[in-house]
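Numbering-wise, the sequence shown is residues 1 to 170 according to our numbering. Beta carbons: idealized from backbone N, C-alpha and C, even for Gly. Being a predicted model, the structure only gives us computed values, none of them experimental.
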Amino acid sequence: MARSKKKSSDKRNQAHEADRLKHLLFQTVGIFIDAENIELSGLKHHEGRTDYRKILEKVGDREITRILYYKPEYKEISEEFRRFWHSLGGEIKRPQKNADSFMVIDAVTMADKLDVVIILGGDKDFLPLIWYLKSRGCRVEIWSWPEATSPELKGAADFYFPLTTDFMVK
1 MARSKKKSSD KRNQAHEADR LKHLLFQTVG IFIDAENIEL SGLKHHEGRT
51 DYRKILEKVG DREITRILYY KPEYKEISEE FRRFWHSLGG EIKRPQKNAD
101 SFMVIDAVTM ADKLDVVIIL GGDKDFLPLI WYLKSRGCRV EIWSWPEATS
151 PELKGAADFY FPLTTDFMVK
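Following this line, the structure appears as structure tokens:
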């Protein structure tokens, strides 16, 4: 009898795990990158360049709908990076100055089409955006360098993923 209950319990756990993974696979994800924040923090705290390919691999098998990279137009972007970014299916947005407002408008505009919003950046200014996205039913994930991330931002997100030196270009 005990063996039968164990098998039944194992089957339920496997079914639950399969449902959970299926749900993850069919999530639509939008990724919004505050390039200046992520790149400067990586340089300052880890003395290296951020490896976006590794970060995107970590997103896993979820369906990435949009990947938006925001960097002010006065900051240089190499042609090599442009080609790399476009090969990933990413878009580059070049606001005149601060990219935050562009990022917020895009995320708000896309909220109803996304299950998950991943924000790469640790700026406390994104708190109202997180609150809004959650009110629209989006799961909000913050991926950033811990040393440069507001504790309030970490607490407001549904999930916080700390970037480590594993996400630096070697």
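Write down the C-beta distance between residue i and residue j rounded to the nearest angstrom, noting that I regard them as a contact closer than 8 Å.
i	j	result
His46	Thr149	Rounded, the Cβ-Cβ distance is 14 Å, inconsistent with contact.
Gly90	Ile67	4 Å
Glu63	Val29	6 Å
State buried or exposed for residue i, treating a residue as buried only when at least 16 other CB atoms are found within 10 Å of its CB.
i	result
Glu141	buried
Asn37	buried
Asp123	buried
Tyr52	buried
Gly48	exposed
Thr109	exposed
Tyr74	exposed
Identify the continuous alpha helix (DSSP H) that holds residue i and give its terminal residues.
i	result
Tyr132	Leu127 to Ser135
Lys154	Pro151 to Ala156
Quick check on the DSSP output: the beta strand (DSSP E) that includes residue i runs from which residue to which?
i	result
Asp100	Per DSSP, Asp100 belongs to no beta strand (DSSP E); it is in the alpha helix (DSSP H), Asp100 to Met110.
Leu114	Looking at the DSSP string, Leu114 is not in any beta strand (DSSP E), and its letter there is neither H nor E.
Lys174	The requested residue 174 does not occur in the structure, where the chain is confined to residues 1 to 170.
Pro146	Segment: none, Pro146 is in no beta strand (DSSP E) and carries neither H nor E.
Phe167	Looking at the DSSP string, Phe167 is not in any beta strand (DSSP E), and its letter there is neither H nor E.
Got a sec: does the ligand GDP put a non-hydrogen atom nearer than 8 Å to the Cβ of residue i?
i	result
Asp100	What this structure holds is no ligand at all, so the ligand GDP is not there to describe.
Output the distance between the C-alpha atoms of residue i and residue j, rounded to the nearest integer angstrom.
i	j	result
Leu114	Phe159	16 Å
Arg175	Met103	Nothing about residue 175 can be read from this structure; the chain reaches only from 1 to 170.
Glu79	Glu39	17 Å
Trp143	Lys97	23 Å
Ile130	Lys170	32 Å
Ala107	Ser101	10 Å
Phe167	Lys54	6 Å
Leu88	Thr65	12 Å
Tyr70	Ala35	6 Å
- Message: Threshold first: 4 residues or longer. Then list the alpha helix (DSSP H) segments lying entirely within the stretch 13-86, N to C.
- Response: Runs found: 35-46 and 52-58.
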